[in-house]
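Numbering (our numbering), first residue to last: -11 to 725.
Below: one structure, written as structure tokens.
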């Protein structure tokens, strides 16, 4: 390392000198280079004994407030002089063996030559301070400190927030320390130094900060877990909900991060809504009660009155949201990152729907009248006013001139759903922004059905239409060919459809069935039968092209894997294993099983069971017929969360089982996101009667090894025990299936 250090040092020196040459100002011959002046002064004086006789060889030490020191000594006449001292405040100390040392403050000014004489008495220096520590709360206050000495002394501190009633004195005196209010969020400390010759005493003053609630945040894994952070350690007394609709008995609390955080269950939280709480805590000095609100959601913009059926769209670059309240006269451009309003425009009309036209890059604003306003998003100006006039094909006495929704393709051709003023028979019309926004009926338009909605496909090359009535008709319009193409559904009562943002797949939701269909390729997935009411969204992760997330009528969020469902129906082991492994990676499973209706294993991703062998947990497959069944099981030296769900295609075809490891990492995550105890360990009882530790959380304590000796019975009642020199309240719990 030494050669490298020397080379590096040499390089630095070369660069330094080169820079010096480069920045040296030029001068003409004969001109003087003006060098910067340094303000200095000097100190001189005489040191004698109590009889006036000079003391030779007395040590002189000058200490600047910055900490720099200058030393000297007296000559045979007792005189001393120290030159070229930087200006400022100093502390002069004089000492000599068998004499009582002296200290005093000194001030050196520019070009000054100040004189300080000292008279030393024979003896030994003494210096005491009545305390070495002081504690202050966050407010402004003062303290008295008693200094006792048989000589002169000085007192100093480098803390700007502490004032001293004097800088020095002689003998016994009382000093007042004035402490300013601590405005910061942190505790602060300062050192006060008292010096008398070679004797030095220090006093540490610690000032507390005002208690503040610094942050309220959602947990990373469990959305109902709330963490409240403070700027210093506290003792929790009580945390209660202030809402009459939330039961405090379910709240659960846990103090974290050495007392600077509290985590609890926000059991009454609603997405994007606030919820009031009160927390009572105690710090070092007193008890505090603080009111705060939780908020489910990362960012939020608050609107009054409550937002009902807003209209909005996200720009293609995913940077902005164009937003308007229903029947509001304002449009806002909102940043996706941070959710802040960048621009806001006000208009003399109320807005019912916003739609973006990728062809001309304008926003089309629908109203509750036949009027459509075309807006330039660059500046918010209205560039065009379109009035939907009656056209041939409208109802004669009540023209279909009131647009309800409008969607455009990338080519500029779009479609609208329109109704009349009195009747509400939804019809659809074309609008061509390439030809001055001309509105017309497509030659193949039919008014037999009530058309409910229009969806653009992933690249806006097609428009999908679905009906509102029992016909369940779906078709798409291709602007390239100007053709209407029917989408062939499977039998069932139609509900709605969801388009995919990356391909031509559509998720079709019927009254009792759901499936994926690609109208371009003709592909149909196997059906699922969840009766979920129509809500669904595609997954866009790699390898999950046929995974759809849906919300069931029982408020479960399900991931429907149609590729896995299809491979299960095909009974092809290789395809089934591939689909099981993909599904296992998504849910974090170490092992996946496909199980037949008869309880025989059809596929095992780790190969522990051959095809045809019995699945070892038949009670889980039996229970899965009513609802997804799960249990924590001991398996091959580890603990696993075994989850079993049925597969219908459409009749019961078997079961899928996932083995998710309950390891140290999972327990630590659960501890961090919930109100689990501070120490958690999982142990299993083997057939030989011995206990085996399977997993432990983020702070191992060795409880299992201490409490569960071979053949010991599990202590299921709370008990106080000593574990490795620390006292714990522990309770063992059997994990039942």
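Heads up, the beta-carbon is just placed ideally off N, CA and C, and yes, glycines get one too.
With DSSP collapsed to three states, give me the class of residue i.
i           : result
residue 529 : coil
residue 29  : strand
residue 503 : strand
residue 423 : helix
residue 60  : strand
residue 517 : coil
residue 550 : helix
residue 491 : coil
residue 339 : strand
residue 188 : strand
residue 247 : helix
residue 572 : helix
residue 242 : strand
residue 652 : helix
residue 441 : strand
residue 111 : coil
residue 85  : coil
residue 645 : strand
residue 93  : strand
residue 152 : strand
residue 215 : strand
residue 332 : strand
residue 205 : strand
residue 606 : helix
residue 563 : helix
Whole angstroms is fine: what's the gap from residue i's alpha carbon to residue j's?
i           : j           : result
residue 137 : residue 30  : 28 Å
residue 198 : residue 76  : 35 Å
residue 508 : residue 497 : 18 Å
residue 407 : residue 492 : 29 Å
residue 99  : residue 70  : 13 Å
residue 453 : residue 477 : 13 Å
residue 19  : residue 59  : Because residue 19 carries a pLDDT of 47, less than 50, the predicted location of this residue cannot be relied on, and no value is offered for it.
residue 239 : residue 612 : 30 Å
residue 56  : residue 49  : 10 Å
residue 307 : residue 499 : 36 Å
residue 471 : residue 390 : 25 Å
residue 144 : residue 224 : 39 Å
residue 134 : residue 160 : 7 Å
residue 231 : residue 415 : 47 Å
residue 428 : residue 413 : 17 Å
residue 650 : residue 253 : 22 Å
residue 567 : residue 551 : 7 Å
residue 555 : residue 589 : 15 Å
residue 403 : residue 529 : 31 Å
residue 455 : residue 461 : 5 Å
residue 6   : residue 272 : Low confidence applies here, because residue 6 scores a pLDDT of 29, under 50, leaving its location unreliable; read the following figure in that light. Approximately 57 Å between the Cα atoms of the pair.
residue 298 : residue 314 : 5 Å
residue 153 : residue 203 : 40 Å
Using 7 Å as the threshold, is the C-beta distance between residue i and residue j below it?
i           : j           : result
residue 140 : residue 158 : yes
residue 635 : residue 626 : no
residue 132 : residue 183 : no
residue 200 : residue 217 : no
residue 515 : residue 501 : yes
residue 386 : residue 410 : yes
residue 93  : residue 45  : no
residue 113 : residue 185 : yes
residue 189 : residue 115 : yes
residue 147 : residue 128 : no
residue 495 : residue 536 : yes
residue 622 : residue 655 : no
residue 393 : residue 341 : yes
Can you give the beta carbon distance from residue i to residue j, rounded, assuming they're within the 8 Å contact cut?
i           : j           : result
residue 421 : residue 345 : 6 Å
residue 79  : residue 142 : 5 Å
residue 241 : residue 227 : 5 Å
residue 310 : residue 351 : 6 Å
residue 107 : residue 41  : Incorrect: roughly 10 Å between the Cβ atoms, too far for contact.
Quick one: is residue i near chain D, going by C-beta distance under 7 Å?
i           : result
residue 390 : Looking for chain D here will not work: only one protein chain is present.
Within the chosen definition, does the region 329 to 342 reach the region 373 to 385 through at least 3 CB pairs nearer than 8 Å? They do not touch, by the three-pair rule.
Given 8 Å as the limit, is there contact between the region 166 to 176 and the region 99 to 119, that is, 3 or more CB pairs closer than that? no
Would the region 186 to 198 count as touching the region 106 to 126 if we require 3 or more Cβ pairs under 8 Å? yes
Given 8 Å, three or more beta-carbon pairs between the region 317 to 332 and the region 267 to 279: They do not touch, by the three-pair rule.
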